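Residue numbers (the numbering used here), protein chains in the order written: chain H, 1318 to 1519; chain C, 508 to 980. Ideal Cβ placement from N, Cα and C applies to all residues, glycine included. Computed from a prediction, not measured in an experiment: that's the story for all the values here. The structure appears right after this line, and notes come after that.
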């Protein structure tokens, strides 16, 4: 039994490593699950026992880099403003994904697109839920009463995906254009959160 | 500074004509109303939007005024075209307003161009661009990492998270090097430098209707000069070179201090220099300094300006934020982003103009020919000669009587402004591009000495500094 678990873990790891290699060399569209299975030395059917789809594979790769499900505790506020802490959180994520950038943009399109979501659980859900929880924790640390209404969360996620897509294709030196875009997007977002408060006080 | 205050600083003249002026005013009102409906309560963002929208409004109001002056005799169809252009301008400016830096640069651009902006508004713009919202620490750290491949923690022995000053398009932090020196680290907001060309393409589109005018070539060249200088200004490696050059020009007995550049801690977007502990102009004035102290600082400011000019590297942006008043009485010069580097042609023109000013007024016609590109048979020659004579008169006024000249004399300052606005009204705007920044420099230095109410022995300074000018290359 223990051996089986070990083998399973190893096979899963091998499939993931192989997939990453394939995605990097052949790109998102140029890679098939069959090619991954062959390269990893498993039957295609076996691969599907581990990952339901190519999207699920990529989502796992991304999720691993982002530490999804591995954070024991939420960090309290470090910087003075929520913008700064959100910036730090998002940029750290981008930095951890940097070597995946080449295939991230097309992959993210199907993994995260709201249009791609079916009745079954979407492969990007775990990442989205984890990310939004983290954002809630950061905002709570700065005194914002949560959780955000669904619309506000969706607004945030849309903004985030926009920046994400921009970053994935950003050719400026050091992705400095993304730095500026992220900075300004977060200012916009936090400003929109402040709005109801302002109405109350005025 | 709020919107109301700024709008009242706009000269009435630019609004007081029928037609486009009213329209600009109404549209500016619309933009403001539109903005006030938006959710922009966050401190820094509000400042960002306010600043950028304001620069846009000022630039636009002046743009409107400029177009009006240019086309004062235009027929109806031209007027309609003008209005279309204004509309387009407003739309573009409004959209650009979301980008930090872009508008600030446009505002600066407007303030450089003779004819676009009255001096007091240019001065206001200077203050505005000193007021850009800050980068928070995580963002700034990434900019540092981009430049050095290391974060602030690894690169520096100590680094203050809070900026102690704003710079154009960036901010300045105090830090300590691993070797122990206290330094000032200037950091540029990401992505700004690369937007300049796009901004200028937009401006060129807006200026399309001017293309038929006889002054177009000159206007175009002047725009090109501004674009070139802005590129230079955002390139901190270039600023490091200019700073080193300036540092070599001054000795300790001058009482003028230029900070040392730390090359290992500097790059294209980050500039690290010695930290100089001193007061800015307004803080200095708050200490209620004696007349002697004002005079001493004024003399140093004027000396520094003249010396750089005669070394063919004029200090083109003498705005108050670039000067530090030190406790021991010496003057700190701290920002060399906007320094011109005269080449052979410009040196030649400068020598000629200098001789005309101080030695031989009969050279005036030749100066007009060389500097303004106006030929003897051009009907505009008479106007240009008159303009040049007045300009010379104003330049040498401080030397008319022996002894110190009181730059606090408002009449003198006004005379320059009047001259400037009259030349614009008469559309005497053809000039070698080097004069875009020279004009700004002259008005900047006189405005600074005016605020300082300094008395400076101009005779003496020029007698001392003028021989530094190399008569041949």
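(message) Using beta carbons (cut-off 9 Å, strictly below), is residue 970(C) in contact with chain H?
(response) False, the Cβ-Cβ gap to chain H never drops below 9 Å.
(request) Identify whether residue 1335(H) lies in helix, strand or coil by the three-state DSSP scheme. (result) Helix at residue 1335(H).
(request) Could you list which residues in chain H have their beta carbon closer than 9 Å to that of residue 658(C), in chain order? (result) Chain H residues near residue 658(C): none, gap ~11 Å exceeds 9 Å.
(request) Report the residue from 869(C), 768(C) and 827(C) whose alpha carbon sits nearest the alpha carbon of residue 743(C). (result) The candidate whose alpha carbon is nearest that of residue 743(C) is 768(C).
(request) Going by DSSP, name the residue or residues bridged to residue 986(C). (result) Because chain C is modelled from 508 through 980, residue 986(C) falls outside the range shown and cannot be assessed.
(message) On the DSSP letters alone, give me the boundaries of the beta strand (DSSP E) that residue 958(C) sits inside.
(response) No beta strand (DSSP E) contains residue 958(C), which is instead part of the alpha helix (DSSP H) from 941 to 959.
(message) Distance check for residue 1399(H) and residue 983(C), CA to CA, integer angstroms please.
(response) One cannot answer for residue 983(C) here, as it falls past the ends of chain C, which runs 508 to 980.
(message) Using C-beta distances below 8 Å, list every residue in its chain close to residue 978(C), excluding the 5 sequence neighbours before and after it, in chain order.
(response) The beta carbon of residue 978(C) is closer than 8 Å to those of 858 in its chain, skipping five residues each way along the sequence.
(request) Compile a chain-ordered list of the residues in the region 1322 to 1341 of chain H whose CB is closer than 7 Å to at least one CB of chain C. (result) Residues of the region 1322 to 1341 of chain H whose Cβ lies closer than 7 Å to any Cβ of chain C: none.
(message) Tell me which residues share the same chain as residue 807(C) and place their Cβ nearer than 6 Å to its Cβ, disregarding the 5 neighbours each side in the sequence.
(response) Around residue 807(C), the same chain offers 762, 763 and 838 as residues with beta carbons nearer than 6 Å, after the five sequence neighbours per side are excluded.
(message) My assumption, with CB atoms under 8 Å, is that residue 1495(H) sits in contact with residue 1487(H). Please give the rounded CB distance.
(response) With a beta-carbon spacing of about 5 Å, residue 1495(H) and residue 1487(H) fall inside the 8 Å limit used to define contacts.
(request) Could you tell me whether the Cβ of residue 692(C) comes closer than 9 Å to any Cβ of chain H? (result) Cβ-Cβ to chain H under 9 Å: no for residue 692(C).
(request) Quick one: which residues of the region 1488 to 1499 of chain H get their C-beta closer than 9 Å to a C-beta of chain C? List them in chain order. (result) The region 1488 to 1499 of chain H vs chain C, Cβ under 9 Å: 1489, 1490, 1491, 1492, 1493, 1494, 1495, 1496, 1497, 1498 and 1499.
(request) With a 10 Å radius around its C-beta and 16 neighbouring C-beta atoms as the bar for buried, classify residue 784(C) as buried or exposed. (result) Flag for residue 784(C) reads exposed.
(request) Go ahead and pull the three-state DSSP assignment for residue 772(C). (result) Three-state result, residue 772(C): helix.
(request) Check whether the Cβ of residue 1398(H) lies closer than 9 Å to any Cβ atom in chain C. (result) It does: the Cβ of residue 1398(H) has a partner Cβ on chain C nearer than 9 Å.
(request) State the start and end residues of the unbroken alpha helix (DSSP H) segment that holds residue 966(C). (result) Per DSSP, the unbroken alpha helix (DSSP H) holding residue 966(C) starts and ends at 965 to 972.
(message) Is the beta carbon of residue 804(C) closer than 9 Å to that of residue 689(C)?
(response) No, the Cβ-Cβ distance between residue 689(C) and residue 804(C) is not below 9 Å.
(request) Entirely within the region 794 to 828 of chain C and at least 3 residues each: give me those beta strand (DSSP E) ranges in chain order. (result) Taken in chain order, the complete beta strand (DSSP E) segments of 3 or more residues contained in the region 794 to 828 of chain C number zero; there are none.
(request) Can you give me the Cβ contacts of residue 770(C) inside the same chain, cut-off strictly under 8 Å, excluding the 5 residues immediately before and after it? (result) These residues qualify, in order along the chain: 747.
(message) So the candidates are 695(C), 696(C) and 665(C); which of them puts its Cα closest to the Cα of residue 681(C)?
(response) Closest in C-alpha terms to residue 681(C), from the list 695(C), 696(C) and 665(C), comes 665(C).
(message) Which same chain residues end up closer than 6 Å to residue 648(C) when comparing Cβ atoms and leaving out the 5 residues on each side of it in sequence?
(response) By the criterion of a C-beta distance shorter than 6 Å, residue 648(C) is surrounded in its chain by 658 and 659, once the five residues flanking it on both sides are discounted.
(request) Would you tell me roughly how many angstroms separate the C-alpha atoms of residue 899(C) and residue 809(C), rounded to the nearest one? (result) Those two C-alpha atoms are separated by around 18 Å.
(message) With a threshold of 9 Å between beta carbons, is residue 698(C) in contact with chain H?
(response) At least one beta carbon of chain H lies nearer than 9 Å to the beta carbon of residue 698(C).
(message) According to DSSP, is residue 1449(H) part of a helix, a strand, or is it coil?
(response) Residue state, collapsed to three classes: helix.
(message) I'd like to know if the region 776 to 793 of chain C and the region 810 to 821 of chain C are in contact, where contact means that at least 3 CB-CB pairs between them fall below 8 Å.
(response) Fewer than three Cβ pairs drawn from the region 776 to 793 of chain C and the region 810 to 821 of chain C lie within less than 8 Å of each other, which leaves the two stretches out of contact.
(request) Could you check the C-alpha separation between residue 1457(H) and residue 1397(H) for me, to the nearest Å? (result) Going from the Cα of residue 1457(H) to the Cα of residue 1397(H) covers about 13 Å.
(request) Drop a sphere of 10 angstroms on the beta-carbon of residue 848(C), count the other beta-carbons inside from all chains shown, and report buried for 16 or more, exposed for fewer. (result) Exposed, since its Cβ has fewer than 16 Cβ neighbours within 10 Å.
(request) Could you check what DSSP says for residue 913(C) in three-state terms: helix, strand or coil? (result) Judged by DSSP in its simplified three-state form, residue 913(C) adopts strand.
(message) Tell me which residue opens and which closes the beta strand (DSSP E) that residue 1429(H) is part of.
(response) Looking at the DSSP string, residue 1429(H) is not in any beta strand (DSSP E); the run it does join, the alpha helix (DSSP H), is 1418 to 1429.
(request) Return yes when the Cβ of residue 844(C) is within less than 9 Å of the Cβ of residue 740(C), no when it is not. (result) Yes, Cβ-Cβ distance for residue 740(C) and residue 844(C) is below 9 Å.
(request) Pick helix, strand or coil for residue 683(C), following the three-state DSSP scheme. (result) Three-state DSSP puts residue 683(C) in a strand.
(request) Pull out every residue of the region 763 to 790 of chain C whose Cβ sits closer than 7 Å to any Cβ of chain H, in chain order. (result) Contacts with chain H (Cβ-Cβ distance below 7 Å) from the region 763 to 790 of chain C involve no residue at all.
(message) What would DSSP say about residue 875(C), mapped onto helix, strand or coil?
(response) In the three-state scheme derived from DSSP, where H, G and I count as helix and E and B as strand, residue 875(C) is classed as helix.
(message) How far does the beta strand (DSSP E) with residue 1369(H) in it extend, from its first residue to its last?
(response) Segment: none, residue 1369(H) is in no beta strand (DSSP E) and carries neither H nor E.
(message) Relative to the C-alpha of residue 1404(H), which candidate in 1510(H), 1357(H) and 1497(H) has its C-alpha closest?
(response) Residue 1404(H) has its Cα closest to that of 1497(H), out of 1510(H), 1357(H) and 1497(H).
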